[in-house]
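**Q** I have a structure I would like to understand better, so I am pasting it below and will then ask my questions one at a time.
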Amino acid sequence: MTALLLPLLAAGPVMAAALAAISPWRVVGRLLCMLVPAITAASGVSLLVLHHSEPVVATQVGAFIPGVAIPMVSDSFTAIMLVATGVVAALALAFCDLTGEFARSRYFAPLALLLLAGANGALLTGDLFNLFVFVEVMLLPSYALIAMTGGWRRLGVGRLFVVVNLLTSTVLLAGVGFVYASAGAVNIAALAGAASEDGRVAAALGIVVMALCIKAGAVPVHGWLPRAYPGTSAGVMALFSALHTKVALYAVIRIWATAFDLDPAWGRVILVVALITILWGAIASAAPFDAREILAWQMVSGVGVILAALVVASAPGGAIVYMVHHMVTIGALILLVGAAEHVYRSDRLGTLTDLWHRERPLAVLMVLAIAALVGLPPTSGLVGKLEVLDAALEPGTVWGIVTVVVVLLGSLIGLVAMIRLWRGIMWHDVAPDGDASGYAAPARDDDAPTQPRIPRRLLVPGGALVAVSVAMFLGYGAVAPEVDRAVGGLVDTTSYVQAVLGGSAALTATTVGGGS
């Protein structure tokens, strides 16, 4: 893949969405929803191979001069995220197909494809204003997807989702405006090191980072996520968990590495927020009686781990590994719980119970997925947690030790929450009000002919993500060099700046300095 093809990763899904919308055959939209994320993942793999010889590739959309044109940029970090988002999105949409989401609305496929277009564009853009544009491209179809999928709560949580994200987008746009006013540029490469040299630029970029952290679900503006996401269907929730929060975190990592030079002195506020987010999400996940709400709170806790691993360390390797692991693991758990919910019409602990005796394949996959979330072998969870702990301890600071303690404590509390979830849906349990009457467990194997069973095909998407998690653990020797290349590109941004700005790099740097 060449740099000239990078814009097609954003434009292609838009054209596919248009084709799906005008086609009279719904099968066209279904096929495109399988094909587009698969192409995204394959393109990411191709870019990973290309970055062995070319660390960064970039193209200027419209052939305008660098610094003015819309830059589309890829390095190893971008390529890793394209692979991860493509794989999780493909399996989430496959699950949506299996559960009949495409059949319920002819516009489901176009909306999902527009969401993928926005995600790809946000990962590839090298400009803060266009980051805002692509984030909005992601949000617009998401409003409709929430409204058309899920249970009776979807309209209420849809309003919450719309209000929070519209207000946050306003803050994000204002932050981008302040960056331009203080630095004279919104090109990320042109802002390289600018926050370390000028407090006004740092403050303006701080507003951008704050808005992105809200969109990711960080404390204190986090309550919208565990209320909104479980209100939609399991397939759409898995899609959102892989795209919305992780794209926001990707942007935070990119800005932190490029503009702030990974300077921990600027990260104390973010670190405090991240540590509180870890504990808050973990503790809150031990309370709900709905399985997907428990997982939504675990998403919040995971956001804190990623942010903490980023700002406490001298390199973002732990944050990258844990983010990919979290995308895969949370997606797997949501899809597995969603398979049971689709058949048994509930994800509520005490109502959905005793599945250990009836749904043994689901139980085995759930064991592995829970082990991954907690950080146990043989899953990516162990690799992710070790990378985070190593990143926190490497600087040898008090903040690093505090981070390690909080991450381990959050993992322990998360284990308690996962044991409660396991006991609630796999074994007999009492009703939320303490009365077991009316919460009879489903019939066991000897009564199978009269009771529903989860079709094996519904377990394939979640099982595939579990397999990816196990493969990341067993084959981490092959994954680690790619992560190292991504970390190297974030620590030393010279290649990134040169690829985006070319011969105008020095001129643009002077302009930014003069504007500050």
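Every letter in the sequence shown is one number past the one before it in the numbering used here, and letter 178, counting from 1, is 178. The C-beta atom is built at its ideal place from N, Cα and C for all residues, glycine as well. In this text the structure is predicted, and so the values were computed from the model without any measurement.
#1: With a threshold of 16 other CB atoms inside 10 Å of the CB of Pro226, please say whether the residue is buried or exposed.
#2: Apart from the five residues just before and just after Met426, which ones in its own chain have a Cβ nearer than 8 Å to its Cβ?
#3: From this set, Ala190, Phe102, Arg26, Leu415, which residue's C-alpha is nearest Val493's C-alpha?
#4: Identify which residue in Ala10, Tyr107, Cys33 has its Cα closest to the Cα of Ser82.
#5: Return the residue from the list Leu501, Val497, Gly489 that minimises the CA-CA distance to Ser53.
#6: With which residues is Leu349 paired in a DSSP beta bridge?
#7: Please name the residue, chosen from Ala42, Val56, Ile188, Gln60, that lies closest to Asp75 on a Cα-to-Cα basis.
#8: Does the pairing of the segment 213-232 with the segment 290-302 give three or more beta-carbon distances under 8 Å?
#9: With a Cβ-Cβ cutoff of 9 Å, do Ala313 and Phe260 count as a contact?
#10: Nearest to Ser182 by alpha carbon, out of Pro141, Arg200, Leu98, Glu482?
#11: Using the rule of at least 16 other Cβ atoms within 10 Å of the residue's Cβ for burial, across every protein chain shown, is Trp25 buried or exposed?
#12: Report yes if the CB atom of Gly126 is closer than 9 Å to the CB atom of Met72, and no otherwise.
#13: When you measure from the CB of Ile425 to every non-hydrogen atom of the ligand GTP, does any distance come out below 8 Å?
#14: By the 10 Å Cβ neighbour count, where 16 or more other Cβ atoms means buried, how is Asp484 classified, buried or exposed?
#15: What's the gap between the Cα of Pro13 and the Cα of Val402?
#16: Can you tell me where the alpha helix (DSSP H) holding Pro71 begins and where it ends?
#17: Report the residue from Ala417, Leu249, Thr78, Gln498 whose alpha carbon sits nearest the alpha carbon of Ser285.
#18: From the DSSP output, in three-state form, read off Ala11 for me.
#19: Can you find the residues in the same chain that come closer than 8 Å, C-beta to C-beta, to Leu155, ignoring five residues on each side of it along the sequence?
#20: Check whether the segment 276-285 touches the segment 328-337, taking contact to mean three or more Cβ pairs, one atom from each stretch, closer than 8 Å.
#21: Whose C-alpha, out of Ile270, Phe134, Glu197, is nearest the C-alpha of Leu173?
#22: Give every residue of the same chain whose Cβ lies closer than 6 Å to the Cβ of His326, excluding the five residues on either side of it in the sequence, and list them in chain order.
#23: Find the nearest neighbour of Leu382 within the set Val27, Gly318, Arg420, Tyr344, judged by alpha-carbon distance.
**A** If we stick to the structure as given:
#1: buried
#2: Thr353, Asp354, Leu355, Trp356, Ala363, Met366
#3: Correcting the residue type first, residue 493 is Thr in the shown sequence and not Val. If we check each option's Cα against that of Thr493, Ala190 comes out closest.
#4: One detail in the question is off: residue 82 reads as Leu in this sequence, not Ser. Closest by alpha carbon: Ala10.
#5: Gly489
#6: Leu352
#7: Val56
#8: yes
#9: no
#10: Arg200
#11: exposed
#12: yes
#13: The ligand GTP is not among the ligands present in this structure, which contains no ligands whatsoever.
#14: exposed
#15: 43 Å
#16: Pro71 -> not in any alpha helix (DSSP H); beta strand (DSSP E) instead, spanning 70-74.
#17: Ala417
#18: helix
#19: Ala147
#20: no
#21: Phe134
#22: Gly302
#23: Gly318
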